[in-house]
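Under this note's numbering, residue 236 is the last one in the sequence shown; the count climbs by one each step, no gaps. One structure below.
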Amino acid sequence: MALIEVRNACVRFEGVPAVENASLSVEKGEYLVILGENGSGKSTLVRAMLGLVRLRSGSIGYSDGLRKNQIGYLPQQTAAQRDFPASVEEVVLSGCISRMGMRPWFSKEEKERARRAMEMLEMTGMRKKPYRTLSGGQQQRTLLARALCATDLLLLLDEPVSGLDPDATREMYGVIRKLNRENGVAVVMVSHDVDAALQDAHRVLVMEKSPVYLGDVAGYRAFAEGRRTHG
């Protein structure tokens, strides 16, 4: 079974359609890139997959080995988040909160998950640094480590390189590639950075509130070229 199965999902906000009749599956170890203009429903679809927005109709199912609170999520960063008053280690550990249940403290296992995530993203040496003092790229790596604390299976990334300089962008794509190829973590990435995002993608979803293309990269290039040719 797929990690996530979306069937005819529809989302509306105050009666206005945000996502219409979206169907897709996310398989283990896959790398899916979601493209589309602003307002096309990309981020809303991802939030629906996380259970953060309610479906008007349709359904979203999860495999037996995956629960909604075990999906790693990297949302678009806000100005308030960039100034968050905590250390790198505290931010990363907060990714384990969904695992704590009623416990008021982190377990030894959860602290080990955070340690491994920081090591994987080469943030161990910065673990005591204030998050707010980091560069944009370092902050994004910290948030990605936080997302990894929630999951070994699936990351949902919403514009993970937005606002980063070219060097930090290349570095971030390299980290995501490694997590997917070497660690087998499935990746669903919302992006405007089409050319770079497609370099590692297995499949592409194009949203215009409804899916207008879902397939491999070669098929997407033909689809995009056809649109350019025929207007």
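Heads up, the beta-carbon is just placed ideally off N, CA and C, and yes, glycines get one too. From a predicted model like this one, the values you see are computed outputs, not experimental measurements.
Residue i in three-state terms, based on DSSP
i: Asn43; result: coil
i: Pro109; result: coil
i: Met123; result: helix
i: Ala155; result: coil
i: Ile102; result: helix
i: Leu149; result: helix
i: Glu25; result: strand
i: Val51; result: helix
Residue interval of the alpha helix (DSSP H) (run including residue i)
i: Phe228; result: 222-235
i: Val180; result: 171-186
i: Ala91; result: No alpha helix (DSSP H) holds Ala91; DSSP gives it neither H nor E.
i: Val211; result: Val211 -> not in any alpha helix (DSSP H); beta strand (DSSP E) instead, spanning 208-213.
i: Leu203; result: 199-203
Host beta strand (DSSP E) of residue i (start-end)
i: Cys15; result: 9-18
i: Tyr67; result: 62-67
i: Gly130; result: Where Gly130 is concerned, there is no enclosing beta strand (DSSP E), given that its DSSP letter is neither H nor E.
i: Gly77; result: 77-79
i: Val193; result: 191-195
Own chain partners of residue i with C-beta closer than 8 angstroms, once the 5 adjacent residues on each side are dropped
i: Gln155; result: Note on identity: in this sequence residue 155 is Ala, with Gln being the wrong assignment. Around Ala155: Asn74, Gln75, Ile76, Gly77, Tyr78, Gly100, Cys101, Ser103, Arg104.
i: Ser140; result: Ala173
i: Leu169; result: Gly141, Gly142, Gln145, Met177
i: Arg208; result: Glu35, Tyr36, Leu37, Val38, Leu219, Gly220, Asp221, Val222
Beta-carbon contacts of residue i that lie in its chain and below 7 angstroms, excluding the five residues immediately before and after
i: Asp163; result: Ser48, Val51, Leu79, Pro80, Gln81, Val195
i: Glu213; result: Gly41, Ser45
i: Arg253; result: Since the first and last residues shown for the chain are 6 and 236, residue 253 lies out of range.
6 angstroms Cβ shell around residue i - same chain, five flanking residues per side excluded
i: Gly189; result: Gly34
i: Phe228; result: Tyr218
i: Asp88; result: Arg137
i: Leu184; result: Val190
(request) Evaluate contact between the segment 47-63 and the segment 138-147, counting only Cβ atoms and requiring at least three cross-stretch pairs below 8 angstroms. (result) no
(message) Can you confirm whether the segment 28-47 touches the segment 192-199 when touching is taken to mean that 3 or more C-beta pairs between the two stretches lie within less than 8 angstroms?
(response) yes
(message) Check whether the segment 118-130 and the segment 90-100 are in contact - that is, three or more C-beta pairs closer than 8 angstroms.
(response) yes
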